[in-house]
Amino acid sequence: MSVSLLRNTAFLPSISLGIQTISSAKMRRTRSSLNQETPSQKNPGCDGTGGSSVPELRVFIRRKRVKKTVEVIAKEVKEESSGKKVMLVRLPDIEDFSYSKDITHPQSTPSKTVRLTGEKTLPQLMQTEIKGFSLSDPLQPPSNWEKVLEGIRKMRSAEDAPVDSMGCEKAGSSLPAKERRFAVLVSSLLSSQTKDQVNHGAVQRLLQNGLLAADAIDSANEETIKSLIYPVGFYTRKASNLKKVAKICLSKYNGDIPSSLEELLLLPGIGPKMAHLVMNVAWENVQGICVDTHVHRISNRLEWVSRPGTKQKTRTPEETRESLQLWLPKEEWVPINPLLVGFGQTICTPLRPRCAICTVSDLCPSAFKEAASPSSTPKK
DNA sequence: TTCCCGGAGA
DNA sequence: TCTCCAGGAA
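Numbering-wise, UniProt numbering puts 281 at position 281 of the first sequence, and it's gapless, one number per residue.
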């Protein structure tokens with residue numbers, strides 16, 4: 001729930017804050033590492049309830065890329081007319097506001113997106129924030145990220161990786177819009193856990209056999225589909241998923257594909273990575289960064305992402321996506337995937353990365369920390 | 001966390 | 001011959 005809220009509000013003009021509870025000890029560490037006074041220290045007379053029952057929250061404002069650690073000075077639980085219980089918290093120096101957090105589902109604790117319940121407009125909130133908190137500690141993008149990206153771009157333009165020519169965005173590019181979208185969906189479904197060249201061949205065979213449309217797949221024999229898509233990874237399961245997806249597209253979307261992230265995720269065999277890819281490519285609607293294993297690995301090696309409130313590496317591609325989206329400018333959300341995938345296939349490989357031939361190794365915190373490849377030439 | 005599949009590369 | 005890759009599902 002919090003995730004979809006976050007997605008829906010992150011780039012709208014509505015006021016949306018990310019808040020996560022962190023422990024007092026962690027908070028103290030954060031503070032001392034930043035060597036700064038807290039807002040409550042500046043304003044000790046606040047009428048907070050104090051005591052250990054008041055959680056400390058980390059607050060950041062997405063649109064301004066500002067992150068500050070503050071203490072909550074008051075907390076109360078209110079029940080709304082709908083029956084939903086909401087925790088209202090008050091933050092120091094922003095006394096006009098309260099922030100609410102849905103506590104009806106207490107199991108979803110680590111990271112919350114909450115809505116402002118006050119009546120201030122966004123510019124007014126910004127003024128308050130800027131007045132209340134110094135901007136000396138904004139949620140900064142990682143240092144030199146633009147240099148790193150530029151360096152990777154240059155390395156990538158110098159050679160070809162499989163992703164350059166075989167990506168799913170090429171699927172059915174000559175088809176009418178609806179068929180093209182379905183082709184993108186099929187290509188995405190098949191391409192997961194599969195070398196791109198293999199996937200490309202499978203999509204071509206489906207196309208040549210007139211099986212790149214929902215109705216055709218729905219009426220086709222599963223064994224036929226299976227033999228056509230072989231040897232993509234997990235072809236048995238994918239043939240079965242393809243049939244199910246075709247049936248759903250036919251019955252619910254008139255042969256077209258779902259146009260929202262949430263509906264795409266309901267399709268069997270479509271997870272977060274592919275759902276974002278399909279939104280980007282088929283609908284040209286960027287809902288989030290398409291994070292696969294390469295983007296996940298490289299973002300962590302560069303220390304571009306971390307688990308919320310910590311410096312630890314992210315553990316899943318989804319965590320990486322959320323962390324990356326906090327600072328990466330939206331115009332980079334689409335290009336970052338092919339860029340890092342290609343880089344990850346040729347140079348920043350999972351095993352024995354080729355740091356010796358990487359031109360941004362001097363900017364990479366992880367350079368030369370893993371066993372290097374005996375060969376200095378990248379594989380194709 | 002483990003399994004799924006087939007191919008690539010150590 | 002063995003290990004690794006790759007994303008989703010259970």
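C-beta: ideal position from N, C-alpha, C; glycine also.
Predicted, not measured: the structure shown is a model, and the values here were computed from it.
Own chain residues within Cβ distance below 6 Å of residue i, not counting five before or after
| i | result |
| --- | --- |
| P141 | W327 |
| R181 | I257 and A282 |
| K42 | At K42 the pLDDT is 31, less than 50, meaning the model places this residue with poor confidence; the figure from the coordinates comes in the next sentence. If we look at K42 and ignore the five residues flanking it on each side, it has no Cβ neighbours. |
| C348 | I298 |
| S188 | C168, M274, L277 and V278 |
| E262 | none |
| A367 | C355 and S361 |
| P123 | Low confidence applies to P123: its pLDDT is 33, below 50, so where it sits in the model is not reliable, and the reading given next is rough at best. Nothing listed; no residue qualifies. |
Closest residue to residue i among the options (Cα-Cα distance)
| i | options | result |
| --- | --- | --- |
| L267 | G151, V186 and R352 | V186 |
| I217 | V232, H200, S251 and T194 | S251 |
| M279 | V334, A213, A356 and R307 | V334 |
| Q325 | H296, D215, K243 and L351 | H296 |
| G271 | S191, Y230 and R315 | S191 |
| A246 | S219, S323, Q193 and N144 | S219 |
| N199 | P176, E331, P231 and S174 | P231 |
| Q208 | A183, Q312 and T194 | A183 |
| E331 | L261, L351 and G288 | G288 |
| T194 | R354, P176 and D292 | D292 |
| R352 | S323, S259, V341 and K369 | K369 |
DSSP state of residue i mapped onto helix, strand, coil
| i | result |
| --- | --- |
| G342 | helix |
| F182 | helix |
| C358 | coil |
| S219 | helix |
| Y253 | helix |
| V295 | helix |
| K112 | Residue placement at K112 cannot be trusted, given a pLDDT of 30 that sits under 50; the coordinates are not used to answer. |
| F368 | coil |
| T349 | coil |
| Y235 | helix |
| K226 | helix |
| I270 | coil |
| L207 | helix |
| K311 | coil |
| W145 | helix |
| L190 | helix |
| K195 | coil |
| E303 | coil |
| G201 | helix |
| A213 | coil |
| Q325 | helix |
| T320 | helix |
| A275 | helix |
| I152 | helix |
| A282 | helix |
| V334 | coil |
| S157 | helix |
| I289 | coil |
| L175 | coil |
| S260 | coil |
Beta-carbon contacts of residue i that lie in its chain and below 7 Å, excluding the five residues immediately before and after
| i | result |
| --- | --- |
| I248 | L267 |
| C290 | K273, H276, L277, N280 and N337 |
| N144 | L363 |
| P350 | R297 |
| G210 | A216 |
| L175 | A183 |
| S259 | W283 |
| K244 | P268 |
| residue 383 | No answer is possible for residue 383: the residues shown for the chain start at 1 and end at 380. |
Supposed close pair residue i, residue j - CB separation, criterion 8 Å
| i | j | result |
| --- | --- | --- |
| E303 | P365 | 5 Å |
| V148 | V360 | 5 Å |
| E179 | A213 | 6 Å |
| R321 | R315 | Not really, about 12 Å apart at Cβ, beyond 8 Å. |
| K313 | N300 | 5 Å |
Sequence-distant residues of the same chain with beta carbon closer than 8 Å to residue i, five excluded per side
| i | result |
| --- | --- |
| F343 | I152, M155, R156, A161, H294 and I298 |
| I229 | L190, A202, R205, L206, Y235, K238, A239 and L242 |
| G255 | K178, F182, A213, A214, D215 and C249 |
| P317 | P272, K273, V291, D292, T293, V295 and H296 |
| S173 | R180 |
| L339 | L149, I152, R153 and R156 |
Task: Cβ contact check for the segment 259 to 266 and the segment 224 to 244: 3 or more pairs under 8 Å - done: no
- [ ] Count the CB pairs spanning the segment 283 to 303 and the segment 220 to 228 that are closer than 8 Å, and state whether there are at least three.
- [x] no
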